[in-house]
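Residue 1194 in my numbering is what sits at position 139 of the sequence shown, and the numbering runs on without skipping anything.
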Amino acid sequence: MREDAILSPSQVGQYLKNMMDRDHLLSRLLVRGELSNYKMYPSGHHYFTLKDGEGALRCVMFRSDAQSLRFRPENGMQVIAAGRVTVFPRDGQYQMYCARLTPEGVGDLALAFEQLKEKLAREGLFDPAHKKDIPVFPRKIALITSPAGAAVRDMIRILGARWPLAEVTVIPVRVQGAEAPQEIAAAIRWADANQVADLLITGRGGGSMEDLWAFNEEIVARAIYSVDTPIISAVGHEPDVTIADFVADLRASTPSNAAELAVPDQNEVYGALLGVGERLERALAVRLTRHRQTLDRLTASRPMTEPAAYFREKRLLLDFQSSRLAHGLRSSAAGQRERLSRLSAALPGSAARAVTQRRERLNALAASLDALSPLKVLGRGYAIARRADGKAVVSTGDVAPGDKLNLTLSDGSVDCRVL
């Protein structure tokens, strides 16, 4: 046996590697199988096994290729792996080096969308309880979008036509490409932290799913959820739905629709104000008419047309009550005297004298009270003179020629005039 015909294990492995690397089929291979033992190491490399009912193939996906994955690979998932098969000389095992991994039956973007949607829904980012109210009359609106697209021009035009009172600010960001998600998320957080506006609108015009993918990234969704400023999501056309739409406080079907939802129509507001003004005028007219009728009724009442009559009636009532009071006092005094007389007749000696003294005192008090009675004075020919305002006349200076007076006599009253 020749010495040069004997090979070392590493030489065999390297020979097989070179041979497999030159094989056209093995260098550009597509393999369909089920993921098994999927692991992602801290280095960023992914290791897994592709298997079917009869065999298995070890696979590795390096970090540089794994960064392009749009979905999260899981055990049991049917996938199609693209790459090359070769031998790793160190352990003599052949394995597949995957450059691309695609879920079978659905696109990787569609799968990534559903996976992220399910994840964020479990965390409550789509819960309506977290939605903030959109201001009815926003004063400042910030548009987080590309400054060069047709979408931003449409939004500015519609906002200006519908509600020119709002101040519109454009925060320029990229809306497509690898850097777009970070820029959009950073702009949302910056606008909220600096209170740039009381309403944010983020989005872009239509495009393919790949074009709109920046608004399906988790970093953008979490930025929308974390801020305090209300956000309207306006991405693509009517059928397009992104993760940002689910997280935002309000979803608009298009950027133009977002502008319509963000502000009221000034013509509608003006019309509503006119209607309110007309209703207010009618209500005021009805109220004025009702108060005018009340005023007319009060003006026609007797106290307003003949105010002196009210005082005359009150004076007559006062005279009547005074007469009743005096009569009652006289009757009471007479009754007391009669009772005292009976008691004095029934009591002997000192008790009778005490009753007699009491009777004499009572008579004196009754005489004094009777002397002070206005009716007693009037009975002697005197009168009480009162002016039209009811004030008693006590001096000639209280009256003037032509003044009307009312004289109260013992049996009634007389109206007269000062000459």
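For glycine and all other residues, C-beta sits at the position ideal for the given N, C-alpha and C.
Only buried fits Tyr1280, as 16 or more other CB atoms lie within 10 angstroms of its CB. For the beta strand (DSSP E) assignment, the uninterrupted runs of no fewer than 3 residues enclosed by the stretch 1061-1122 are, from N- to C-terminal side, 1084-1095, 1101-1106, 1111-1116. Asp1146 counts as exposed, since fewer than 16 other beta carbons sit within 10 angstroms of its beta carbon. Closest in alpha carbon position to Leu1254, among Ala1363, Thr1284, Arg1413, Gln1376, is Thr1284.
In the structure shown, Tyr1437 adopts coil according to DSSP, grouped into three states. For Gly1258, the closest alpha carbon among the candidates Gln1237, Ala1240, Val1290, Lys1174 is that of Val1290. At a Cβ-Cβ threshold of 8 Å, Gly1457 and Arg1472 count as neighbours.
Val1449 sits exposed, since fewer than 16 C-beta atoms from the chains shown fall within 10 Å of its C-beta.
Comparing alpha carbon positions, the residue from Arg1414, Arg1194, Phe1375, Arg1367 closest to Gly1390 is Arg1414. Taking Thr1463 as reference, the option from Ser1263, Arg1127, Leu1371, Ala1419 with the minimal CA-CA separation is Leu1371. By alpha-carbon distance to Gln1133, the top candidate from Gln1122, Gly1108, Glu1273 is Gly1108. The DSSP assignment places 1205-1217, 1235-1248 as complete runs of the alpha helix (DSSP H) inside the stretch 1195-1265, in order along the chain (cut-off: 4 residues). Around the Cβ of Arg1125, a 10 Å sphere holds 16 or more other Cβ atoms; the residue is buried. Here Val1469 is bridged, per DSSP, to Leu1462.
Going by DSSP, Thr1157 is part of the beta strand (DSSP E) stretching over 1148-1158. Counted as a single uninterrupted DSSP element, the stretch harbouring Leu1305 is not any alpha helix (DSSP H) but the beta strand (DSSP E) occupying residues 1305-1307. Under the 8 Å Cβ criterion, the stretch 1192-1207 counts as touching the stretch 1238-1255, having at least three qualifying pairs. Apart from sequence neighbours up to five positions away, the residues of its chain that approach Asn1271 with a beta-carbon distance below 6 Å are Phe1168, Thr1297, Ile1298, ordered along the chain.
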